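J.: Yeah, the sequence shown ends on 439 if you go by our numbering, and it's all consecutive.
Shown below is the structure under consideration.
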Amino acid sequence: MIRTTVFIGTLLFLCGAAYLRPNDGFDAIAVPEHDLDLGFVIRGEVESVIVEPGDQVSKGTVLISLVSDAVAAQESLQKIRAESTLEIDASKSEYDLAVLEENAAQKAYDRHAINDLEMQRAKTNTIRKRLAWQLFVQRKEEAVAQHQQIYAQLQQHHLVAPISGTVEIVKVDIGELVADVRPVLRLVTIDPLVVDAPVPMTVADTLKVGGSANVLFPQLIGTPILEGTIAHVATVADPGSETQLIRIVIPNPDGFPGGSHVVVTFQ
Numbered sequence: 173m174i175r176t177t178v179f180i181g182t183l184l185f186l187c188g189a190a191y192l193r194p195n196d197g198f199d200a201i202a203v204p205e206h207d208l209d210l211g212f213v214i215r216g217e218v219e220s221v222i223v224e225p226g227d228q229v230s231k232g233t234v235l236i237s238l239v240s241d242a243v244a245a246q247e248s249l250q251k252i253r254a255e256s257t258l259e260i261d262a263s264k265s266e267y268d269l270a271v272l273e274e275n276a277a278q279k280a281y282d283r284h285a286i287n288d289l290e291m292q293r294a295k296t297n298t299i300r301k302r303l304a305w306q307l308f309v310q311r312k313e314e315a316v317a318q319h320q321q322i323y324a325q326l327q328q329h330h331l332v333a334p335i336s337g338t339v340e341i342v343k344v345d346i347g348e349l350v351a352d353v354r355p356v357l358r359l360v361t362i363d364p365l366v367v368d369a370p371v372p373m374t375v376a377d378t379l380k381v382g383g384s385a386n387v388l389f390p391q392l393i394g395t396p397i398l399e400g401t402i403a404h405v406a407t408v409a410d411p412g413s414e415t416q417l418i419r420i421v422i423p424n425p426d427g428f429p430g431g432s433h434v435v436v437t438f439q
């Protein structure tokens, strides 16, 4: 009796490994292609919540904004400085004039109409005007860099969608204080869905990237079956269960929910 019990237990363990269902396929879970918890990298007060759960958003869409009046004012001021060419234009005009004056002085010097000191003064003035012009060019470059820095700080007040997807959860409201790195919104992409199915090594050895798989959703009405494509065959097996993970990508235009239990069979 003891031997029979041990044998049955061992058999159940081996059959349970890899979630194998000999007649129907392999159990797994279909998850979203992307499942992101988004948050701010700064602290602040929520000024506006632009989206709500269920909204479809495109990459680059502003989702939530923090109060940013002070930083916005600094950005506007620095933008004016970064775009202004007044100092460069004025100093360039003075430099051009100094060049003309030096040329005139050189001609006068060649005629012995001015002395060495006057000639040197004209050359020095040209150098000074050139350096002044170059200094203002450098200052403009610095102003542009400072504007980029402040603009980046301003952008940190806006939570932007890094991908196209569906807003799943919004965790904050207007007027609420948020801390840096605290998740405030969940964004998912369920088309396609992704399945990582553990299958016995003997089965995995017959599968290739690009091959087809059928994915059954037994918990949904009508038990729909979607066709997916093998995207990856694990190169390392799990020694305990003697299985390899097979990643399957499933087009999901009908929006079947991520997190669904599925059964995978291979063609």
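Heads up, the beta-carbon is just placed ideally off N, CA and C, and yes, glycines get one too.
Just so it is clear, the structure is predicted and the values come from calculations on it, not from any experiment.
#1: Between R293, R358, D410, which lies nearest to V371 when the distance is taken from Cα to Cα?
#2: CA-CA distance, L398 and V243?
#3: Which same chain residues end up closer than 6 Å to P204 when comparing Cβ atoms and leaving out the 5 residues on each side of it in sequence?
#4: Can you find the residues in the same chain that come closer than 6 Å, C-beta to C-beta, to E348, ignoring five residues on each side of it along the sequence?
#5: Quick one: what's got a C-beta closer than 7 Å to I286's C-beta in the same chain, skipping five residues either side?
#6: By the 10 Å Cβ neighbour count, where 16 or more other Cβ atoms means buried, how is L272 classified, buried or exposed?
#7: Checking the sheet assignment: what are the DSSP bridge partners for E152?
#8: Are K312 and E266 closer than 8 Å when you measure CB to CB?
#9: Below 8 Å CB to CB, which residues in the same chain sit around P390 once its five sequence neighbours on both sides are set aside?
#10: Determine the DSSP secondary structure at I346, reduced to helix, strand or coil.
#11: Expressed to the nearest angstrom, what Euclidean distance is found between the alpha-carbon atoms of T177 and E414?
#12: Within a Cβ cutoff of 6 Å, which residues of the same chain sit near T437, ignoring the five residues on either side of it in sequence?
#13: So is S364 buried or exposed if we call it buried at 16+ other beta carbons inside 10 Å?
#14: Have a look at A369 and L392 and give me their C-alpha separation to the nearest angstrom.
#15: For L326 and V339, which I take to be in contact (beta-carbon distance under 8 Å), what is that distance rounded to the nearest angstrom?
#16: Short of 7 Å in beta carbon distance, which residues of its chain neighbour M373, apart from the five on each side in sequence? Order them along the chain.
#17: With a threshold of 16 other CB atoms inside 10 Å of the CB of E290, please say whether the residue is buried or exposed.
#18: Given this structure, state the Cα-to-Cα distance separating V223 from E314, to the nearest angstrom.
#19: Using beta-carbon positions only, say whether R215 and D352 come within less than 8 Å of one another.
#20: Can you pull the DSSP bridge partners for P411?
#21: What residues in its chain sit with their C-beta under 6 Å from that of T407, if we drop five residues either side in the sequence?
#22: Between the alpha carbons of T395 and Q439, how many angstroms are there, rounded?
#23: Under DSSP, the alpha helix (DSSP H) around R215 begins and ends at which residues?
#24: Please say whether V332 and T233 have beta carbons closer to each other than 8 Å?
#25: Go to A369, then tell me how far its alpha helix (DSSP H) extends in each direction, as first and last residue.
#26: Helix, strand or coil for T378, going by three-state DSSP, please let me know.
#27: Could you give the residue range of the beta strand (DSSP E) that holds L392?
T.: According to the data block:
#1: If we check each option's Cα against that of V371, D410 comes out closest.
#2: Going by C-alpha positions, L398 is about 50 Å away from V243.
#3: Closer than 6 Å at the Cβ level, and outside the excluded window around P204, lie V360, T361, I362, G430.
#4: If we look at E348 and ignore the five residues flanking it on each side, its Cβ neighbours are V218.
#5: Closer than 7 Å at the Cβ level, and outside the excluded window around I286, lie A277, A280.
#6: Classification of L272: exposed, given that the 10 Å Cβ count is below 16.
#7: It is not possible to answer for residue 152, since the shown part of the chain is limited to 173 through 439.
#8: No. Outside cutoff.
#9: Once the five neighbours on either side are set aside, the close Cβ partners of P390 are H433, V434, V435.
#10: Residue state for I346 is assigned as coil, using DSSP reduced to three classes.
#11: Unreliable placement is indicated for T177, whose pLDDT of 37 sits below 50; the coordinate value is still reported in the next sentence. About 23 Å.
#12: Correct list, in chain order: G197, N386.
#13: Ser is not the amino acid found at residue 364; the sequence shown has Pro there. Using a 10 angstroms sphere on the CB of P364, the tally of other CB atoms reaches 16 or more, which defines it as buried.
#14: Distance from the CA of A369 to the CA of L392, rounded to the nearest whole angstrom, comes to 19 Å.
#15: With 8 Å as the limit, L326 and V339 do not qualify as a contact, their Cβ atoms being about 23 Å apart.
#16: For M373, where only same-chain residues beyond five positions count, the Cβ hits under 7 Å are A409, E414, T415, Q416.
#17: So E290 counts as exposed.
#18: A direct Cα-Cα distance of roughly 37 Å separates V223 from E314.
#19: In this structure, D352 lies closer than 8 Å to R215 by Cβ.
#20: Beta-bridge analysis with DSSP links P411 to no other residue.
#21: Excluding sequence positions up to five before and after T407, its CB lies less than 6 Å from no other CB in the same chain.
#22: Cα to Cα, T395 sits roughly 18 Å from Q439.
#23: It is not in any alpha helix (DSSP H) - R215 carries neither H nor E in the DSSP assignment.
#24: The beta carbons of T233 and V332 sit closer together than 8 Å.
#25: Careful: A369 lies outside any alpha helix (DSSP H), inside the beta strand (DSSP E) at 355-372.
#26: T378 falls in the coil class under three-state DSSP.
#27: That residue, L392, is in no beta strand (DSSP E); it is neither H nor E in DSSP.
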